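Colleague:
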Amino acid sequence: MSKLSNYPPRGFTLIELLVVVLIIGILAAIALPQYQHVVDKSRYAALMDITKAIADANERFYMVNDRYSTNFAELDVDIPANSFSGVVAYFDWGNCTFIGQQEIQCTNDTTLKNQYIIHYDVGTGSDFHSVFCTAGTLEENSRYDKVCQDVGEFYGSSQGGCNILGNCRIYIIRR
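For the sequence shown, the numbering used here puts the final residue at 952, and the numbers step up evenly by one.
1) Is the segment 806-814 touching the segment 831-849, taking contact as three or more C-beta pairs under 8 Å?
2) Check each candidate in Gly929, Ile881, Asp855, Arg946 and name the one with the smallest Cα separation from valine 865.
3) Within the same chain, show all residues whose beta-carbon is closer than 8 Å to that of threonine 790, passing over the 5 residues directly before and after it, in chain order.
4) Counting along the chain, where does the alpha helix (DSSP H) carrying isoleucine 827 start and finish?
5) Going by the DSSP bridge assignment, what does serine 934 pair with across the sheet?
6) Do tyrosine 893 and tyrosine 821 have their CB atoms nearer than 8 Å?
7) In or out: alanine 850 buried (at least 16 other Cβ within 10 Å) or exposed?
8) From threonine 911 to tyrosine 948, what does the alpha carbon distance come to, in whole angstroms?
9) What separation, rounded to the nearest whole angstrom, lies between the Cα atoms of isoleucine 831 and glutamate 793?
10) Count the other CB atoms within 10 Å of the CB of glutamine 936; is the residue buried (16 or more) or exposed (fewer)?
11) Would you call arginine 844 buried or exposed, if buried means 16 or more other Cβ atoms sit within 10 Å of its Cβ?
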């Protein structure tokens with residue numbers, strides 16, 4: 778009998794390595810969607826802050842000028858946009874647009890295919906304020922739908938006018 782037979786074997790067996798890799802894969806499969814949801818919610822929060830800042834600046838503009846603005850340059854807020862084109866402010870991650878004189882809409886996606894949209898209606902004379910989170914899909918529990926579910930109450934679905942595909946789920950945000 779050799780002296781080496783008294784020592785335990787060195788290294789790992791193939792089965793042990795496969796089990797560890799399998800466990801890591803399962804943990805990653807569980808953690809990735811949660812991570813993605815947290816990132817989407819943080820982007821939503823930033824988008825909501827920008828939308829609210831624009832709407833508040835437009836309210837201040839109304840108090841001074843007795844009309845709402847449809848031009849970002851007229852507002853007293855610094856918007857971290859890459860560029861302005863008429864009534865649209867373009868960002869790397871999306872854009873904000875004036876819809877009429879009292880509504881601001883910001884989206885997290887420049888393709889407008891599958892995203893969430895914050896629609897902020899300042900209303901006339903501050904009688905009516907509505908803020909909507911719109912998921913650019915009819916698919917319940919999609920990635921973007923979950924973000925809107927977390928922040929609002931389901932309002933309805935639409936198969937037209939929400940995005941390029943015309944499909945969306947709308948949630949009203951209580952303020």
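Heads up, the beta-carbon is just placed ideally off N, CA and C, and yes, glycines get one too.
Here the structure is a predicted model, which means the values were calculated and not measured.
Modeller: Short version:
1) Of all C-beta pairs linking the segment 806-814 to the segment 831-849, fewer than three are shorter than 8 Å, placing the two stretches out of contact.
2) For valine 865, the nearest C-alpha among the options comes from Ile881.
3) Correct list: empty, nothing qualifies.
4) For isoleucine 827, the enclosing alpha helix (DSSP H) covers residues 791-842.
5) According to DSSP, serine 934 bridges with Arg946.
6) In contact: tyrosine 893 and tyrosine 821 (Cβ atoms closer than 8 Å).
7) In this structure alanine 850 is exposed. Its beta-carbon is surrounded by fewer than 16 other beta-carbon atoms within 10 angstroms.
8) Threonine 911 and tyrosine 948: Cα-Cα distance of roughly 6 Å.
9) Each residue's Cα considered, the two are about 57 Å apart.
10) Here glutamine 936 is exposed. Its C-beta has fewer than 16 other C-beta atoms within 10 Å.
11) Per the 10 Å Cβ criterion, exposed.
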